[in-house]
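Mapping the sequence shown onto UniProt numbering, position 169 (from 1) lands on 169, and the numbers just tick up by one.
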Amino acid sequence: MGQPLDDAGLDTLFRTARSFNGYTDEPVTEADIRAIYDLLKMGPTSANMQPARFVWLLSQEGKDKLASFSSGTNAEKIRKAPAAVIIAMDLDFNEQLPWLFPHAPTAKDWFGDVDGRTPHAFRNSSLQGGYFILAARALGLDTGPMSGFDNAAVDAAFFPGQPNIRSNFISTLGHGDPSSIFDRLPRPEFEKFNRVE
């Protein structure tokens with residue numbers, strides 16, 4: 001059974017954590033991204049389907065390529081960040097279920113139709129993208145998730161010959177520069193968007 005985090009842990013993950021628009025010059029290493037992945041993969045997904053596919057861009061060439069498909073100020077944020085990440089989804093995730101969900105031998109067949117698989121892939125890869133953000137924060141890094149980009153162009157450039165892989169969203173990654181953030185935006189009180197029955 002889990003134990004509650006202390007205030008410092010809650011601040012790191014939620015209360016004082018922010019999405020960053022810029023970063024310090026401190027690099028992001030392959031060891032960093034492997035550590036992030038080793039945490040995020042432990043988050044729950046339906047039937048352990050693990051549909052997210054990550055492309056970690058540490059090279060300037062890779063970041064420039066992604067930036068060329070991004071809109072507005074997102075392109076410059078990507079170019080200048082120490083790293084960027086494409087969070088994608090595998091619409092054929094069910095092919096992996098025999099080893100990811102071995103106690104249900106027929107699980108692969110539960111998702112036989114691609115139209116039926118798509119919402120599962122989107123929902124669960126979005127969850128995994130959220131786990132990526134929390135894992136990065138837990139390890140002392142910061143993120144700048146964004147959706148302003150040309151999905152079809154990113155898919156063609158980064159997943160050629162893999163029509164089953166589709167981009168979901170993208171993010172920058174690094175050690176955040178506090179001068180790059182805006183004032184905290186409003187957060188609703190419980191009563192605004194919740195009810196208890």
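For each residue, glycine too, the CB sits at the ideal point set by N, CA and C.
task: Could you tell me whether the Cβ atoms of residue 132 and residue 55 are closer together than 8 Å?
output: no
- Task: For the segment 121-129 and the segment 166-175, state whether three or more C-beta atom pairs, one from each stretch, are separated by less than 8 Å.
- Result: yes
### Task
Would you kindly report the start and end of the unbroken alpha helix (DSSP H) that includes residue 36?
30-40
Residue 107 - DSSP class collapsed to helix/strand/coil = helix
* Asked: Which class does residue 19 belong to by DSSP, given the choice of helix, strand or coil?
  -> coil
When DSSP labels each residue in this structure, what does residue 115 get in the three-state scheme?
helix
Spatial distance of residue 83 from residue 197 (CA atoms): 44 Å
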